[in-house]
Structure formats: C-alpha cells, structure tokens
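**Q** In case it helps, the numbering used here puts the sequence shown at residues 118 to 353.
Dropping the structure in here first, questions after.
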Amino acid sequence: AWPMAIMWKEFLFFTGGRSFFLAKLISGGILFAGFIFWQRSSGSDSFFVLRGDYAWIAFATFAALLALEVLTYASGCLFYELRQATQSTLAAIPMSGTRVLLEKSGGCMIALIPVVFWLCVTVFCGFEGIAQRCSMTMVISYLIMLSFSSHVAVILSLYTRWAALPLTFLITAPAFFCLAAPILGLTAVTTTIARSQHIEMTLLLSTFVNLFWTWLFILLPLQLWIRDRWNHISQL
C-alpha cells in the first residue's frame with residue numbers, strides 16, 4: 118500500500134502537484150528578486166538584504182499570499198470531495214474520519230511549502246526592517262486569525278456550495294476585533310505573572326499560552342465540529 122495515500126492524492130490532484138509546487142517556488146523567487154531590484158533602484162547596493170519599508174512590504178506581501186493560499190485550500194479541500202461525490206468512497210477506506218481529515222490537511226500543508234519558504238527567506242534577509250514595524254503580538258494575532266479563518270472556511274465548505282471563501286471573509290473580519298482584545302490582554306497578564314515570578318523569556322511563554330488557549334477554546338471545538346460534520350456527510 119502507498120503510505121499516506123490520501124495526503125499525496127490531495128497534494129497531486131487538489132493543490133496542483135509537483136508542477137504547480139515548482140511554479141510557486143520559482144514565482145516566489147521572482148517576486149523576492151523584484152523587491153531586491155526595487156530597493157536597488159532607490160539607491161541601495163545590497164543584492165540580498167532587504168531594509169526598511171522594502172523588508173516590511175515584502176514580508177506583508179508573502180504573509181498575505183500565505184493567508185490567501187491557506188483559505189483557498191481550506192474552503193476547497195473537502196468541498197472538492199463533495200462536488201465529486203467521493204466522500205462515501207473515502208468513508209469505505211479502512212481508516213477513521215479523523216485520519217482522512219489529517220491526511221488531507223497534510224497534503225495541503227505540503228503545497229504551502231513554497232510560500233512559507235520565501236516568507237522565511239524574507240524574514241532572514243529583512244529581519245531588522247520587519248522587527249521595526251511588526252511586534253510578536255502582531256505575529257501571534259496573525260497566526261491565530263489565520264487558524265480561526267481556515268477552520269471557519271472548512272466548516273462553511275461543508276454547508277454551502279460555492280460561497281465558503283467570501284463568507285469566511287465576512288465572518289472573520291468582525292471576529293478579528295472580538296479576538297484582538299483577549300489576545301492582547303492574555304499576553305499582558307502572562308508577561309506580568311512571569312515577571313513577578315522572575316521567569317525569563319516572558320515573550321516566548323506568553324506566545325505559548327496564547328496559542329494553547331486559542332487551540333483549546335476556539336480551534337478544538339471547531340475541529341470536532343468539522344470531524345462530526347464530515348462523518349455525517351460521509352454516511353449519506
């Protein structure tokens with residue numbers, strides 16, 4: 118048997134496979150080079166390091182591309198099976214619904230490697246300029262909202278035909294303002310408690326606490342909802 122067959126099926130047939138993977142990798146390199154030449158046209162002599170606004174704009178661009186790709190895959194991953202009416206076939210495979218969902222997620226994650234790679238390259242080459250404009254709290258907020266939005270997109274794709282992606286934007290945009298205050302408040306509380314106990318690396322600790330509570334109280338219920346809905350649809 119082919120190990121992780123569903124994961125590779127997802128990568129090869131839903132996300133575009135190796136050819137699209139390479140196309141995204143090359144396109145990301147061209148985009149990064151474009152920022153370098155844009156910076157050089159303004160008088161910089163660097164061929165590799167991004168500085169100031171150029172670093173921040175490049176970082177924001179790749180972060181936006183990552184969010185768009187994640188939401189596109191999230192809104193279409195399970196809907197693709199429903200449109201092809203193959204959910205019952207997947208249910209006949211001797212593995213749990215949770216395993217099927219995890220493997221499908223794994224296939225989409227492989228497809229995200231190009232944009233994640235160039236996002237990391239941008240951070241490495243423009244860390245100073247990015248750090249001047251982006252705090253760790255902003256990064257945490259981005260990760261939490263991206264995780265929340267992707268889960269909402271999956272749920273909507275199991276209930277709607279074609280409107281999952283636009284509905285996700287409509288729902289999560291106001292939700293950002295609801296989640297921002299708890300994120301900032303929890304970060305401040307964690308930092309204060311850590312300092313009172315003379316614990317070092319308070320930023321790392323607050324990051325871990327934020328991500329853990331977000332998963333426990335927001336993402337885990339959504340994941341259980343997705344699993345139960347998928348299992349129900351698979352039996353139809």
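Just so you know, even glycine gets a beta-carbon here, dropped at the ideal spot from N, CA and C.
Note that the structure is a prediction, hence the values are computed from the model and not measured.
Under the three-state reduction of DSSP, which class applies to leucine 148: helix, strand or coil?
**A** In the sequence shown, the residue the question calls residue 148 occupies position 31. Helix at leucine 148.
**Q** Classify threonine 239: buried if its beta carbon has 16 or more other beta carbons within 10 angstroms, exposed otherwise.
**A** For the purposes of this step, residue 239 is taken as residue 122 along the sequence shown, with counting starting at 1. It is buried - the Cβ of threonine 239 has at least 16 other Cβ atoms within 10 Å.
**Q** For tyrosine 259 versus alanine 180, is the C-beta spacing smaller than 8 angstroms?
**A** Taking the first residue of the sequence shown as 1, we reach residue 259 at position 142. Taking the first residue of the sequence shown as 1, we reach residue 180 at position 63. Their beta carbons are under 8 angstroms apart, which means tyrosine 259 touches alanine 180 by this criterion.
**Q** Judging by CA-CA distance, which residue of Val306, Ile261, Ala172, Gln204 is the nearest neighbour of leucine 328?
**A** Numbered from 1 along the sequence shown, position 211 holds the residue referred to as residue 328. Here the closest residue by C-alpha is Ile261.
**Q** If I follow the unbroken alpha helix (DSSP H) through glutamine 340, where does it start and stop?
**A** Start at 1 with the first residue of the sequence shown, and residue 340 comes out as number 223. Element bounds for glutamine 340: 337-351.
**Q** Report all residues from its chain with a CB closer than 7 angstroms to the CB of leucine 263; omit the five preceding and five following residues, and keep chain order.
**A** As a working mapping, residue 263 is identified with position 146 in the sequence shown. Around leucine 263: Ala184, Val187.
**Q** So, at 8 angstroms on beta carbons, what are the nonlocal neighbours of threonine 307 in its own chain, with the 5 sequence-adjacent residues on each side left out?
**A** Position 190 of the sequence shown holds residue 307. The residues are Thr319, Leu322, Ser323, Val326, Asn327.
**Q** I need the boundaries of the alpha helix (DSSP H) containing threonine 206, first residue and last residue.
**A** Counted from its first residue, the sequence shown places residue 206 at position 89. It spans 204-209 - the alpha helix (DSSP H) in which threonine 206 sits, taken as one unbroken run.
**Q** Looking only at C-alpha atoms, which of Phe130, Phe165, Ala228 sits nearest to glutamine 201?
**A** Here residue 201 corresponds to residue number 84 of the sequence shown, with the count starting at 1. The shortest Cα separation from glutamine 201 among Phe130, Phe165, Ala228 belongs to Phe130.
**Q** Can you find the residues in the same chain that come closer than 8 angstroms, C-beta to C-beta, to tryptophan 173, ignoring five residues on each side of it along the sequence?
**A** As a first step, residue 173 must be located in the sequence shown, where it is residue number 56. Closer than 8 angstroms at Cβ, skipping near neighbours: Gly243, Gly246, Ile247, Gln249, Arg250, Cys251.
**Q** So, with DSSP's three-state summary, where would you put alanine 228?
**A** In the sequence shown, residue 228 corresponds to position 111, counting from 1. The answer is helix: DSSP assigns alanine 228 an H, G or I state.
**Q** Mapping DSSP to helix, strand and coil, what is tyrosine 276?
**A** For the purposes of this step, residue 276 is taken as residue 159 along the sequence shown, with counting starting at 1. Note: tyrosine 276 maps to coil in three-state DSSP.
**Q** Classify serine 266: buried if its beta carbon has 16 or more other beta carbons within 10 angstroms, exposed otherwise.
**A** Counting from one through the sequence shown, the residue named residue 266 turns up at place 149. Flag for serine 266 reads buried.
**Q** Decide if methionine 212 is buried, meaning its Cβ has at least 16 other Cβ atoms within 10 Å, or exposed.
**A** For this step, residue 212 is matched to residue 95 along the sequence shown. Per the 10 Å Cβ criterion, exposed.
**Q** Check glutamine 156 in the structure and name its three-state DSSP category.
**A** Counting from one through the sequence shown, the residue named residue 156 turns up at place 39. Helix.
**Q** Between the stretch 221-233 and the stretch 161-171, are three or more C-beta pairs nearer than 8 angstroms?
**A** no
**Q** Could you compute how far the alpha carbon of leucine 207 sits from the alpha carbon of alanine 150?
**A** Residue mapping note: residue 207 aligns to position 90 of the sequence shown, counting from 1. Residue mapping note: residue 150 aligns to position 33 of the sequence shown, counting from 1. Approximately 43 angstroms, taken between the alpha carbons.
**Q** Would you check if the distance between the CB atom of glutamine 204 and the CB atom of serine 351 is smaller than 8 angstroms?
**A** The residue labelled residue 204 in the question sits at position 87 within the sequence shown. The residue labelled residue 351 in the question sits at position 234 within the sequence shown. Yes, Cβ-Cβ distance for glutamine 204 and serine 351 is below 8 angstroms.
**Q** Got a sec, what are the start and stop residues for the alpha helix (DSSP H) leucine 185 sits in?
**A** Residue 185 sits at position 68 when you count from the first residue of the sequence shown. Residues 169-201.
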